[in-house]
Amino acid sequence: MVEATPVVILMADDDEDDRMLAQDALKESHLMNDLRTVGDGEELLEYLQRRGKYSEEGSAPRPGIILLDLNMPRKDGREALKEIKADAELRDIPIVVFTTSQAEEDIYRSYKLGVNSFITKPVTFESLIQVMQTLGKYWFEVVELPSKKQ
Amino acid sequence: MLIRLQRPSRLALDVDHGVLHEKYLYLGLLALVVLNLTTAVISVASLRNFTQARDQARQSITTNIEFADVYSDLRDAESAQRGYLITGNQDYLTPYASGTSKAQQLMTRLRREFQHTTYNQEISQISTLTDQKIGEMNHTLALRKTQGFSAAVAVVNTNYGLDLMHNIQAKLASMENETNASTAQRDARANRYALAAYGGLAASFALTLGLIYFLRRIFRRLRFQSSQLEIANEELGRSNRELQDFASVASHDLQEPLRKIQAFGDRLATTSHLEPDTQVYLDRMLDAASRMRILIEDLLTYSRVTTKAKPFRRVSLKRIVQEVLSDMEIRIEETGAVVTVGRLPSIEADATQIRQLFQNLISNAVKFHKTDVKPSIKIHSKIDRSDIQDMVAITVEDNGIGFDQKYTDRIFTIFQRLHGRNEYEGTGIGLAVVRKIVERHGGTVVAESEIGKGSRFIVTLPIKQQQ
Chain F
1 MVEATPVVIL
11 MADDDEDDRM
21 LAQDALKESH
31 LMNDLRTVGD
41 GEELLEYLQR
51 RGKYSEEGSA
61 PRPGIILLDL
71 NMPRKDGREA
81 LKEIKADAEL
91 RDIPIVVFTT
101 SQAEEDIYRS
111 YKLGVNSFIT
121 KPVTFESLIQ
131 VMQTLGKYWF
141 EVVELPSKKQ
Chain H
1001 MLIRLQRPSR
1011 LALDVDHGVL
1021 HEKYLYLGLL
1031 ALVVLNLTTA
1041 VISVASLRNF
1051 TQARDQARQS
1061 ITTNIEFADV
1071 YSDLRDAESA
1081 QRGYLITGNQ
1091 DYLTPYASGT
1101 SKAQQLMTRL
1111 RREFQHTTYN
1121 QEISQISTLT
1131 DQKIGEMNHT
1141 LALRKTQGFS
1151 AAVAVVNTNY
1161 GLDLMHNIQA
1171 KLASMENETN
1181 ASTAQRDARA
1191 NRYALAAYGG
1201 LAASFALTLG
1211 LIYFLRRIFR
1221 RLRFQSSQLE
1231 IANEELGRSN
1241 RELQDFASVA
1251 SHDLQEPLRK
1261 IQAFGDRLAT
1271 TSHLEPDTQV
1281 YLDRMLDAAS
1291 RMRILIEDLL
1301 TYSRVTTKAK
1311 PFRRVSLKRI
1321 VQEVLSDMEI
1331 RIEETGAVVT
1341 VGRLPSIEAD
1351 ATQIRQLFQN
1361 LISNAVKFHK
1371 TDVKPSIKIH
1381 SKIDRSDIQD
1391 MVAITVEDNG
1401 IGFDQKYTDR
1411 IFTIFQRLHG
1421 RNEYEGTGIG
1431 LAVVRKIVER
1441 HGGTVVAESE
1451 IGKGSRFIVT
1461 LPIKQQQ
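In structure tokens form, the structure reads like this:
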């Protein structure tokens, strides 16, 4: 078992309630992870490419996993997903779509664009904690992530 | 939801007029055909009459000439006789003999010719007269030969011979008149027929013009209707798109606040220590929020029957039912339900919607079972062939609790239920969706039931769809 180094989880979601709940659930699940959040697709790309308000050194550590909501203003998850997968530098970051949508079309499109998983946001907090725990266990303990480039 | 009834559009009224014009067109065409047939018949009759008249005229000219020949032969004989009577010269006897024999030969032939005609009587009369005249002339000649001039002249002076000639002449003239008259009659009749034929042709021409005019009107109306239809279609497409947009908005933006209520309510419920009363209130709130979510989801499902409809393809009903049963395996095992599936054909349909249809019907059949009786569900079909459309009637019947027949309309109405929330779960959308799917496929659904005995749902669907 690899030592669990605090992996950065980057969450893109326009809903601040959901961001808050995710933060709480992460805490409750006792995962030692650094959760960063952005509010929409534009901000997400800015963070990943270390532009704009993230141009400062160290302000945007490379995430080990991205939790991506699909429906966001300015630039939604689907567009951001396309751009990230088109960027050679960012392509290898695992992306888990984390959205309210259950639409088959969204699931299909997301996998077609290359997401690693698609999870529909659960309603109850209990379930949210479980999802976070499962995510943490799977992506950070079971799975090998590509080592960070510097 | 209030639905505003709209006035029947102009489009509908125009369609009515169009139908009327079509009727006139067919009547007109029928009349044209009849008229043409009649004209043809009359023309043929006229032609026949004309030919007959011509033949008759030709015939009567020849006949008249022949009769005139008879008369002139007799006259020749008469003048030869007169010559002999006056002079006693034998030379006159030759032309006399030739004249009388020619006359007799002609008469014999004419008698034979007209034996079977209406002129038969007249001809025989003329023949008799001719014979009598010849007899008289023979007699006078004989007298001259034997008893001399005065004896012969005495007979001549009786005017017997003269009268005979007059009679013959008169009869010949009257015959000529008769034949001419009958020819004229035939001619007149032929002319009448010809006139009628001309009239028929003119009427036919006028009718054709009238029909062309009607046709133009019909085509103009058709073009107008087709453009109206295009407009209506565009509007329908637009309204459908609006509905889809609304549905997707409802899906996301309506659900979102509800989700928050549930999420935070749930946090409250699990992480706080609440007074029993507060707990109860909180639970009821969460319950209400959850029901609202389900209602919105159901409403979306209902609207998606039209907005997410897929084109019709050939599907195997048997396979779809088997898939649905396999999906419901757990539920079926739980209740110990026994499902028998009979023969089911393949039809043209939207596979996803048909699956939904069977899912709703079968899950109902399982859900509403009698508490102490294992649910027994039978699915079978019957094909109904007809001139208009081949249909298949699929029956899903159960031995469950059944319902009062008077509620058959109610159960197909959206969100209408026959039981309380706490008796059986569900929002009352299953059968409403079934009906909508059935209607989209151009079919019907009826429900038969008896309380305590069970229920039977008969879905009738066309086997082929007009795409």
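Line by line, the protein sequences are chains F and H. Using our numbering, the first residue of the first sequence is number 1, and each one after it goes up by one. Using our numbering, the first residue of the second sequence is number 1001, and each one after it goes up by one. Virtual Cβ for every residue (Gly too), placed ideally from N, Cα, C.
Task: Secondary structure, alpha helix (DSSP H): runs of 4+ residues fully inside the region 1241-1275 of chain H - done: 1255-1271
TODO: Check each candidate in H:S1272, H:Y1084 and H:N1159 and name the one with the smallest Cα separation from K1133 (chain H).
DONE: H:N1159
Task: Residues that K1378 (chain H) bridges to, as DSSP identifies them - done: H:T1340 and H:E1397
Task: Presumed contact (8 Å Cβ cut-off) between V1396 (chain H) and L1361 (chain H), rounded CB distance - done: 5 Å
Task: G1083 (chain H) - DSSP class collapsed to helix/strand/coil - done: helix
TODO: Let me know the secondary structure DSSP gives T37 (chain F) once reduced to three states.
DONE: strand
TODO: Taking only the alpha-carbon atoms, compute the straight-line gap between M1 (chain F) and V131 (chain F) and give it to the nearest angstrom.
DONE: Low confidence applies to M1 (chain F): its pLDDT is 46, below 50, so where it sits in the model is not reliable, and the reading given next is rough at best. Between M1 (chain F) and V131 (chain F), the C-alpha separation is close to 21 Å.
Task: Per DSSP, cross-strand counterpart(s) of E83 (chain F) - done: According to DSSP, E83 (chain F) bridges with nothing at all.
- [ ] Can you grab the Cα-Cα spacing for the pair T1128 (chain H) / V1155 (chain H), in whole Å?
- [x] 19 Å
- [ ] May I ask you to verify whether the region 89-100 of chain F touches the region 50-58 of chain F, counting CB pairs closer than 8 Å and requiring at least 3?
- [x] no
Open item on the list: Between the alpha carbons of T1301 (chain H) and D15 (chain F), how many angstroms are there, rounded?
Closed with: 26 Å
Open item on the list: Helix, strand or coil, according to DSSP, for R1054 (chain H) in the structure here?
Closed with: helix
- [ ] Work out the CA separation of S1043 (chain H) and E1078 (chain H) for me, nearest whole Å.
- [x] 51 Å
Task: Neighbour flag for D1245 (chain H) against chain F, beta carbons, 8 Å - done: no
Task: Neighbourhood of R1217 (chain H) by C-beta, 8 Å cutoff - its chain only, sequence neighbours within 5 removed - done: H1021
Task: Three-state secondary structure (DSSP) of S200 (chain F) - done: Residue 200 (chain F) falls outside the range modelled here, since chain F spans only 1 to 150, and no answer is possible.
Open item on the list: Would S1290 (chain H) and L1243 (chain H) be called neighbours here (beta carbons separated by less than 8 Å)?
Closed with: no
- [ ] Report the neighbours of A1263 (chain H) on chain F: residues whose CB is nearer than 7 Å to its CB, in chain order.
- [x] L21, V123 and F125
Open item on the list: Could you check whether the Cβ of Q1255 (chain H) sits closer than 8 Å to any Cβ belonging to chain A?
Closed with: Among the protein chains of the structure shown, namely F and H, there is no chain A.
Open item on the list: Considering just the uninterrupted stretch of the alpha helix (DSSP H) at L70 (chain F), what are its terminal residues?
Closed with: From DSSP, L70 (chain F) is part of no alpha helix (DSSP H); its letter is neither H nor E.
- [ ] Name the one or two DSSP bridge partners that R1314 (chain H) has.
- [x] H:E1348
TODO: Output the distance between the C-alpha atoms of K1453 (chain H) and L10 (chain F), rounded to the nearest integer angstrom.
DONE: 60 Å
Task: Contacts of D69 (chain F) in chain H (Cβ-Cβ under 7 Å) - done: What D69 (chain F) touches in chain H: nothing, since even the nearest Cβ is about 11 Å away.
Open item on the list: Using the three-state DSSP reduction, which class does L1143 (chain H) fall into: helix, strand or coil?
Closed with: helix
Task: the region 1387-1406 of chain H touching the region 1363-1375 of chain H, judged by at least three CB pairs closer than 8 Å - done: yes
Task: Alpha-carbon spacing of L1201 (chain H) relative to T1208 (chain H), whole angstroms - done: 10 Å
Open item on the list: Just checking: is the beta-carbon of D17 (chain F) within a distance shorter than 8 Å of some beta-carbon in chain H?
Closed with: yes
Open item on the list: Just verifying my parser: in three-state terms, what is the DSSP assignment at A60 (chain F)?
Closed with: coil
Open item on the list: Let me make sure I understand the geometry here. Which of H:G1199, H:D1055, H:S1251 and H:S1239 has the alpha-carbon closest to that of D1298 (chain H)?
Closed with: H:S1251
Open item on the list: For V1438 (chain H) and V7 (chain F), I'd like the C-alpha separation in whole angstroms.
Closed with: 54 Å
Open item on the list: Between which two residues does the alpha helix (DSSP H) holding G1430 (chain H) run?
Closed with: G1430 to R1440
Task: As assigned by DSSP and simplified to three states, the class of A1068 (chain H) - done: helix
Open item on the list: Check whether the region 1026-1037 of chain H and the region 1223-1235 of chain H touch, using three or more Cβ-Cβ pairs below 8 Å as the test.
Closed with: no
Open item on the list: Taking 8 Å as the threshold (beta carbon to beta carbon), is T120 (chain F) in contact with chain H?
Closed with: no
Task: Residues of its chain near L113 (chain F), where Cβ-Cβ distance is below 8 Å and the 5 sequence neighbours each way are ignored - done: R78, L81, K82 and K85
Open item on the list: Measuring straight from C-alpha to C-alpha, what distance separates Q1322 (chain H) and T1352 (chain H)?
Closed with: 14 Å
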